[in-house]
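S.K.: One point on numbering: in full-length UniProt numbering, the residue at position 240 of the sequence shown is 240, and numbering is uninterrupted.
Beta carbons are placed, not taken as given, at the ideal position from N, Cα and C, and that holds for glycine.
This is the structure, below, for whatever I ask next.
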Amino acid sequence: MTAERAATRVRSRGLAAEPASALPAGAVRRDREPSRGSWLACCNPTVKFAVLFVASIAVMVLFDPVPVLVLYAAALVAALASARVSPRTLAVGQLPFVAFAVGIVSVNALSRPGTELWPDLPVRITVEGVTIGLALALRAMFIGVLAISFLATTPPRDLLVSLMLHARLSPRYAHALLAGHRMLEAMPQRWATIRAAQSVRAPLRRNGRPRFGPVDAARAAFALLVAQVRASERIALALESRGLGDGPRTVWRPVPLGARDIVLVVVVVAALAVVLVASATGWLTIAALVEPSVFIHGGRRA
C-alpha cells in the first residue's frame with residue numbers, strides 16, 4: 001500500500017488530516033514553550049528553583065491556616081502578575097492540588113482529637129482537626145501555585161544549563177535529564193503515529209470509524225514501550241560516545257545571573273520572614289482574628 005493510499009484511507013476513517021504524527025520521529029512541537037514576556041521568565045532558573053525549595057521548606061513550620069492563606073494569596077497574585085500565568089491555566093493546574101487538599105481536610109477533621117465542632121452530627125469533627133487540616137491543605141495549594149509558576153516560566157533546556165553553570169550539576173546527569181524530558185515530550189507524537197498505523201488496517205465500526213478497544217490500546221501501549229526502549233538505547237549510546245565528563249567545557253547560550261535574581265530572592269525572603277515572624281508572635285493566627293467559641297455549638301472535649 002502506497003503512502004498516498006494509506007493517507008487517503010486514514011482521512012476517510014475520520015482521522016485528522018494534519019496529526020502530530022506527521023512530524024518526524026522524535027520531533028517536538030514548540031508551541032508550548034514557556035513565555036519569555038513575563039518578568040519571572042527572565043530570572044535565572046536555578047535561582048527560581050532555590051526560591052521554590054526555600055519557600056516550600058519555610059511553609060512546613062506553619063500549622064495555622066491564616067499565615068498560609070496569606071502566602072497562598074500572595075503566590076496567586078505573583079503568578080498572575082510576574083509570571084503572567086493565565087487564570088484558566090492556573091485554575092486547571094490547581095485541580096489536582098484542590099482534590100488533595102479536600103482529602104487532607106477530611107482526614108484531619110475526622111481523625112484528630114480535640115473539641116467537637118458539631119456534637120449533634122453522627123461523625124466527630126474537631127476544631128483542631130479542621131484548623132490543622134486547612135493549614136496543611138493551603139500549604140499544598142501554595143506549593144502547587146509556586147510549582148505552576150516555575151514550570152510556566154522555565155524552559156527545560158535553560159534550567160539544566162543553569163544547573164550546570166551555577167549549581168555545578170554534572171553534565172552527564174544534566175544531558176541525561178534533558179534527553180529524558182524530550183523523550184517524554186515526543187511520546188504524544190509517537191502514540192499518534194502508532195494509532196494512525198493501527199487505524200489503517202483496523203476493521204471499521206458501523207459509523208465508519210476504526211475500532212479501538214482495550215486490546216488495541218494494549219497493543220498500542222506495547223508498541224510505544226518498545227519504541228521508547230529502543231530510543232533510550234540509542235540516546236544512551238550517543239551520550240556515552242560524547243564522553244561527558246566533569247572537566248572544563250563551554251556552553252552554548254549560557255543562562256546569566258542578573259539584578260532580577262537578587263530582587264526575586266530579597267522579595268521572597270522578606271515576605272516569608274514577615275509572615276513567619278507575625279505567626280510566631282501570635283499576631284497573624286486564627287486565634288487572634290476569630291474567637292474559637294464562635295464556631296463551637298455546644299462543643300465538648302473529645
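(1) On a Cα-Cα basis, can you pick out the residue from ALA101, MET187 and VAL123 that is closest to LEU110?
(2) Going by the beta-carbon positions, is the gap between THR115 and THR126 smaller than 8 Å?
(3) Leaving aside the five residues before and after VAL255 along the sequence, list all residues of the same chain whose C-beta is less than 7 Å from its C-beta, in chain order.
(4) Return helix, strand or coil for LEU224, following the three-state DSSP convention.
(5) Thinking C-beta only, is SER232 closer than 8 Å to MET183?
(6) At the level of alpha carbons, what is the spacing between CYS42 and GLY129?
(7) Looking at the unbroken alpha helix (DSSP H) that takes in TRP191, where does it start and where does it end?
(8) Are the CB atoms of LEU62 and VAL68 within a distance shorter than 8 Å?
(9) Residue ranges of each alpha helix (DSSP H) run of no fewer than 4 residues wholly in the stretch 126-156, ordered along the chain?
(10) With which residues is GLU116 paired in a DSSP beta bridge?
(11) Out of PRO171, VAL66 and LEU40, point me to the one whose CA is closest to THR250's CA.
(12) Comparing C-alpha positions only, which one of GLY180, ALA176, ALA179 and VAL215 sits nearest to PRO195?
(13) Using 8 Å as the cut-off, can you tell me whether the stretch 94-112 makes contact with the stretch 277-289, which would need three or more C-beta pairs spanning the two stretches below that distance?
M.R.: Answer, in terms of the structure:
(1) Looking at the Cα atoms, VAL123 is the closest of the given residues.
(2) yes
(3) Here the set comprises ASN44, PRO45, ASP158, VAL161, SER162 and LEU165.
(4) helix
(5) yes
(6) Spanning the two alpha carbons is a distance of roughly 42 Å.
(7) Run containing TRP191: 171-201, per the alpha helix (DSSP H) assignment.
(8) yes
(9) Whole alpha helix (DSSP H) segments, 4+ residues: 127-153.
(10) GLU116 is bridged by DSSP to THR126.
(11) PRO171
(12) Checking the displayed sequence, the identity of residue 195 turns out to be Arg instead of Pro. When each option's Cα is compared against that of ARG195, the closest is VAL215.
(13) no
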